[in-house]
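A short write-up of the structure that comes next.
Number of protein chains: 2
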Amino acid sequence: METGRKEIEAALDAYLPPETEYPQSLHKSIRYSVFSGGKRFRPILCRACFEACGGDGSSVMPVACAIELVHTYSLIHDDLPCMDDDDLRRGKPTNHKVFGEAMAVLAGDALLTLAVDLLVREGARELGAARTIGVLEDLLHAIGSEGMVAGQVVDMESEGRGVGAETIEYIHSHKTAALIEASGRCGALVAEAGEALIACISEYGRKLGLAFQITDDILDAEGGFGDLKSGASLDKRKHKATYPGVFGLGMSRQMAARLVDEAKDSVAHIGVGALPLLSMADLVIRRSS
Amino acid sequence: METGRKEIEAALDAYLPPETEYPQSLHKSIRYSVFSGGKRFRPILCRACFEACGGDGSSVMPVACAIELVHTYSLIHDDLPCMDDDDLRRGKPTNHKVFGEAMAVLAGDALLTLAVDLLVREGARELGAARTIGVLEDLLHAIGSEGMVAGQVVDMESEGRGVGAETIEYIHSHKTAALIEASGRCGALVAEAGEALIACISEYGRKLGLAFQITDDILDAEGGFGDLKSGASLDKRKHKATYPGVFGLGMSRQMAARLVDEAKDSVAHIGVGALPLLSMADLVIRRSS
């Protein structure tokens with residue numbers, strides 16, 4: 000994971016405009032959030048799925064990095080005062096606390112644009128136009144008004160309301176799991192995997208993504224929502240729809256464990272190439288932050 | 000213009016998810032802003048440039064509509080309280096006044112995603128993968144951290160400061176003219192125009208786009224910033240960097256007129272196919288709203 004993280008960060012650094020590029024404030028704001036200590040889970044997963052499907056070399060890097068830029072844009076917008084109103088992210092002040100709300104909105108907008116731009120320029124050079132279009136179709140479906148953004152809307156509208164099992168599954172599937180699933184599937188697409196293999200990787204990603212968000216909820220609930228959150232944010236978090244809120248902690252732990260097992264089952268037949276996918280699945284449920 | 004507007008609106012209606020699509024609130028918010036009485040200047044220009052370059056049929060429609068979705072996303076985010084804080088747009092309450100700030104941020108995010116999605120799905124089907132990638136490259140460069148978003152950042156940072164000629168030209172070229180220029184150039188790209196013709200269309204679009212924004216500034220200044228603006232917005236507008244603010248009204252009018260003349264000159268040699276481009280240029284300077 001550590002080697003993978005460093006390679007992704009070097010690639011991100013090379014792709015992004017430098018801080019000296021005009022307007023410097025914007026490019027500083029963008030780089031502040033991209034290099035703020037993320038685990039790079041999604042790009043590492045993308046690359047691991049690419050390799051599990053027989054892919055080799057660095058042709059997957061533009062896709063993996065584009066996915067991390069999309070993830071960063073979504074975090075910056077999620078943290079805004081009108082959204083989750085978070086002052087801290089990974090122990091550091093959120094983008095709008097450092098650069099102001101207007102810049103945070105614009106940095107997010109620019110990151111989404113840069114993500115697609117990266118695919119269209121570097122991705123197309125590595126993969127050719129047709130495969131790039133295929134990857135874009137997949138990714139955009141996962142993050143738009145029927146994917147990640149839809150999940151964020153329903154999450155927001157569910158705050159303070161008692162939601163049922165169906166709604167909480169919708170929120171987590173769309174808000175978090177859709178991009179994690181797309182990370183895996185785009186890796187498989189870049190490796191030109193066959194339909195059956197892509198379906199296995201998709202199932203792996205979907206289940207792993209859902210387990211990832213349930214584990215997040217569990218960690219939040221166990222840690223008293225962390226000790227680094229501001230009052231307003233803490234209050235909002237308490238009213239969020241979560242798996243422990245709907246199913247209780249014990250049942251949520253069981254559900255996450257079962258999802259991780261099922262995720263592993265769906266790729267176990269691939270053989271030795273899928274070993275990193277099994278380790279990553281174990282990490283998701285054992286992580287502490 | 001009126002026929003063109005109706006055709007663009009019918010195409011937009013067909014491309015966008017219906018209001019009944021879950022989550023309905025998001026899709027209502029998206030459609031509210033897309034169908035709020037826009038002139039459809041950019042998609043009509045895109046199509047006119049496509050036709051001036053010998054293009055025929057409807058293959059340009061996904062590109063033209065994607066550009067209008069990008070324009071709409073930028074307006075929704077520009078109107079936010081943390082940005083220009085506008086209560087009204089085209090005489091109607093702005094998106095965040097009707098749907099709340101969080102939804103306005105998300106509707107903008109979804110529209111940018113939908114715009115690229117439209118190009119990647121419908122565009123690629125009409126134009127093939129390679130030409131779609133070419134159009135995307137062009138469009139993304141115009142709207143990202145070195146294009147439209149950069150212009151918005153510098154505009155925001157220039158509020159209340161005395162800016163010079165160079166800065167105001169940077170703001171308007173990037174914030175407004177870049178997308179108008181891309182509208183024309185993407186039309187030419189779809190028509191598979193040669194390099195020389197694309198260069199003429201680019202120059203036309205760049206100059207027309209700048210004249211468009213200068214005329215906006217002049218209308219604002221002449222109309223006392225309009226009578227439909229809220230107090231806060233009016234106050235912000237007064238402190239914005241504008242051409243009349245930097246050069247005075249008389250000189251700004253002369254600059255806009257000269258730019259329109261130069262825009263027309265750059266496409267006049269195309270002949271009868273460029274007549275609509277000449278009319279559109281005249282409209283830009285004669286418009287009253």
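Protein chains in written order, with numbering that gives the first Met the number 0: chain P, 0 to 288; chain Z, 0 to 288.
Idealized CB from N, CA, C, for every residue including glycine.
Point to revise | 6 Å CB neighbourhood of Z/Asp226 in its chain, flanking five on each side removed | key: The residue you call residue 226 of chain Z lines up with position 227 of the second sequence. Note that Z/Asp226 scores a pLDDT of 45, beneath 50, so its modelled location is shaky and nothing firm can be said.
Practice item. Measure how close the beta-carbons of P/Val162 and P/Val245 come, nearest whole angstrom, since I'm counting them as under 8 Å. Key: Position 163 of the first sequence, counting from 1, holds the residue named residue 162 of chain P. Position 246 of the first sequence, counting from 1, holds the residue named residue 245 of chain P. Between P/Val245 and P/Val162 the Cβ distance is about 7 Å, and since that is below 8 Å, they are a contact.
Check your understanding: Skipping 5 residues on each side, what residues in its chain have a beta carbon closer than 8 Å to that of Z/Lys91?
Key -> As a working mapping, residue 91 of chain Z is identified with position 92 in the second sequence. Within the same chain, Cβ atoms closer than 8 Å to the Cβ of Z/Lys91 are found at Ser35 and Gly36, the five residues on either side in sequence being excluded.
Exercise for review: Answer with buried or exposed for P/Lys228, where buried requires no fewer than 16 other C-beta atoms within 10 angstroms of its C-beta.
Suggested key: If you number the first sequence from 1, residue 228 of chain P lands on position 229. Note that P/Lys228 scores 48 on pLDDT, short of 50, meaning its location in the model is unreliable; the coordinates nonetheless yield the value given after this. So P/Lys228 counts as buried.
Review point. Skipping 5 residues on each side, what residues in its chain have a beta carbon closer than 8 Å to that of Z/Val259?
Key: By 1-based counting over the second sequence, the position of residue 259 of chain Z is 260. Apart from sequence neighbours up to five positions away, the residues of its chain that approach Z/Val259 with a beta-carbon distance below 8 Å are Lys206, Leu207, Ala210, Ala280, Asp281, Val283 and Ile284, ordered along the chain.
**Study point:** 6 Å CB neighbourhood of P/Ala63 in its chain, flanking five on each side removed
**Key:** As a first step, residue 63 of chain P is located in the first sequence; it is residue number 64 there, counting from the start. Correct list, in chain order: Pro42, Cys45 and Arg46.
Exercise for review: Taking all protein chains shown into account, decide if P/Glu67 is buried (16 or more other Cβ within 10 angstroms of its Cβ) or exposed.
Suggested key: Here residue 67 of chain P is taken as the residue at index 68 of the first sequence, counted from 1. With at least 16 other beta carbons inside 10 angstroms of its own, P/Glu67 counts as buried.
Review point. Using a Cβ-Cβ distance under 8 Å, would Z/Gly143 count as near chain P?
Key: Within the second sequence, the letter at position 144 stands for residue 143 of chain Z. Z/Gly143 counts as touching chain P.
Exercise for review: Pick out whichever of Z/Ala256, Z/Arg252, Z/Ile217 and Z/Glu100 has its Cα sitting closest to the Cα of Z/Lys239.
Suggested key: Taking the first residue of the second sequence as 1, we reach residue 239 of chain Z at position 240. When Z/Ala256, Z/Arg252, Z/Ile217 and Z/Glu100 are compared, the shortest CA-CA separation from Z/Lys239 is found for Z/Ile217.
**Study point:** Whole-angstrom distance between P/Asp77 and P/Ile83, CA atom to CA atom
**Key:** Position 84 of the first sequence, counted from the start, is the residue given in the question as residue 83 of chain P. Position 78 of the first sequence, counted from the start, is the residue given in the question as residue 77 of chain P. Reading the sequence as shown, one finds Asp at residue 83 of chain P and not Ile. In this structure, the alpha-carbon of P/Asp83 lies about 6 Å from that of P/Asp77.
**Study point:** Cα-Cα separation, P/Met254 to P/Leu188
**Key:** Mapped onto the first sequence, residue 254 of chain P falls at position 255. Mapped onto the first sequence, residue 188 of chain P falls at position 189. If I take the Cα positions, the gap works out to 29 Å.
Exercise for review: Output yes if chain P places a C-beta closer than 8 Å to the C-beta of Z/Glu191; else output no.
Suggested key: Mapped onto the second sequence, residue 191 of chain Z falls at position 192. No, Z/Glu191 lies away from the interface with chain P (no Cβ there is under 8 Å from its Cβ).
Exercise for review: Look up P/Pro80 in the DSSP assignment and say whether it is helix, strand or coil.
Suggested key: Looking up residue 80 of chain P in the first sequence gives position 81. Reduced to three states, the DSSP call for P/Pro80 is coil.
Point to revise | Beta carbon of P/Ile29 nearer than 8 Å to that of P/Leu110 | key: Residue numbering aside, residue 29 of chain P sits at position 30 when the first sequence is read from its first letter. Residue numbering aside, residue 110 of chain P sits at position 111 when the first sequence is read from its first letter. Yes.
Practice item. For P/Lys239, name the three-state secondary structure that DSSP assigns. Key: To locate residue 239 of chain P, count along the first sequence from 1; it is residue 240. Coil.
Exercise for review: Measure the C-alpha to C-alpha separation of Z/Leu138 and P/Lys263 and round it to an integer number of angstroms.
Suggested key: As a first step, residue 138 of chain Z is located in the second sequence; it is residue number 139 there, counting from the start. As a first step, residue 263 of chain P is located in the first sequence; it is residue number 264 there, counting from the start. When rounded, the distance between both Cα atoms is 41 Å.
Check your understanding: What residues of chain Z sit near P/His76, judged by a beta carbon separation below 8 Å?
Key -> Sequence index remark: in the first sequence, residue 76 of chain P carries index 77 (1-based). By Cβ distance, chain Z contributes Val104, Leu105 and Asp108.
Point to revise | Backbone secondary structure at Z/Asp160 - three-state DSSP | key: Here residue 160 of chain Z corresponds to residue number 161 of the second sequence, with the count starting at 1. In the sequence on display, residue 160 of chain Z carries Arg and not Asp. It is coil, neither helix nor strand.
Exercise for review: Measure the C-alpha to C-alpha separation of Z/Pro275 and P/Ile269 and round it to an integer number of angstroms.
Suggested key: Taking the first residue of the second sequence as 1, we reach residue 275 of chain Z at position 276. Taking the first residue of the first sequence as 1, we reach residue 269 of chain P at position 270. Approximately 60 Å, taken between the alpha carbons.
Check your understanding: Could one say the Cβ of Z/Cys81 lies closer than 8 Å to chain P's Cβ atoms, at least one of them?
Key -> Within the second sequence, the letter at position 82 stands for residue 81 of chain Z. For Z/Cys81, the answer is yes, since a Cβ of chain P falls inside 8 Å of its Cβ.
Check your understanding: Taking 7 Å as the cut-off, is the CB of P/Arg4 close to at least one heavy atom of the ligand ADP?
Key -> Looking at this structure, you won't find the ligand ADP or any other ligand, since it has none at all.
Point to revise | Z/Pro16 (DSSP reduced to helix, strand or coil) | key: As a first step, residue 16 of chain Z must be located in the second sequence, where it is residue number 17. In the three-state reduction of the DSSP assignment, Z/Pro16 falls in the coil class.
Check your understanding: By Cβ distance below 7 Å, which residues in the same chain neighbour P/Ile7 in space, the five residues on each side in sequence not counted?
Key -> Looking up residue 7 of chain P in the first sequence gives position 8. Within the same chain, P/Ile7 has close Cβ partners Arg39, Pro42, Ile43, Ala63, Cys64 and Glu67.
Check your understanding: Residues of chain Z with CB under 8 Å from P/Val152, in chain order?
Key -> Locating residue 152 of chain P in the first sequence gives position 153, counting from the first residue. One finds Pro22, Ser24, Leu25, Met102 and Leu105 in chain Z with Cβ atoms closer than 8 Å to the Cβ of P/Val152, taken in chain order.
Practice item. Please classify P/Arg286: does DSSP put it in a helix, a strand, or coil? Key: Here residue 286 of chain P corresponds to residue number 287 of the first sequence, with the count starting at 1. Reduced to three states, the DSSP call for P/Arg286 is coil.
Review point. Which class does P/Lys289 belong to by DSSP, given the choice of helix, strand or coil?
Key: With chain P covering 0 to 288 only, the question about residue 289 of chain P has no answer from this structure.
Review point. So, do the stretch 11 to 30 of chain P and the stretch 150 to 158 of chain P have three or more beta carbon pairs nearer to each other than 8 Å?
Key: Of all C-beta pairs linking the stretch 11 to 30 of chain P to the stretch 150 to 158 of chain P, fewer than three are shorter than 8 Å, placing the two stretches out of contact.
Check your understanding: With distances taken between CB atoms, is the gap from Z/Glu121 to Z/Tyr14 smaller than 8 Å?
Key -> Against the second sequence, residue 121 of chain Z aligns to sequence position 122. Against the second sequence, residue 14 of chain Z aligns to sequence position 15. Z/Glu121 places its beta carbon less than 8 Å from that of Z/Tyr14.
Review point. Which residue from P/Arg130, P/Lys174 and P/Glu165 puts its Cα closest to that of P/Gly146?
Key: Numbered from its first residue, the first sequence carries residue 146 of chain P at position 147. Scanning P/Arg130, P/Lys174 and P/Glu165 for the CA closest to the CA of P/Gly146 turns up P/Lys174.
Practice item. Pull up the distance between the alpha-carbon of Z/Glu180 and that of Z/Ser201, whole angstroms please. Key: Against the second sequence, residue 180 of chain Z aligns to sequence position 181. Against the second sequence, residue 201 of chain Z aligns to sequence position 202. For Z/Glu180 and Z/Ser201, the distance between alpha carbons rounds to 6 Å.
Exercise for review: Can you have a look at Z/Asp12 and say buried or exposed, based on whether 16 or more other CB atoms are within 10 angstroms of its CB?
Suggested key: On the second sequence, position 13 is the one that residue 12 of chain Z refers to. Exposed is the call here.
Exercise for review: Check the Cβ of P/Ala129 against every Cβ in chain Z and list those closer than 7 Å, keeping chain order.
Suggested key: Position 130 of the first sequence, counted from the first residue, corresponds to residue 129 of chain P. Neighbours of P/Ala129 across chain Z, judged by C-beta separation under 7 Å: Ala128.
Point to revise | Proximity below 8 Å, CB of Z/Thr71 to CB of P/Gly143 | key: Working through the second sequence from its first residue, we reach residue 71 of chain Z at position 72. Working through the first sequence from its first residue, we reach residue 143 of chain P at position 144. No, these two residues do not count as a Cβ contact at 8 Å.
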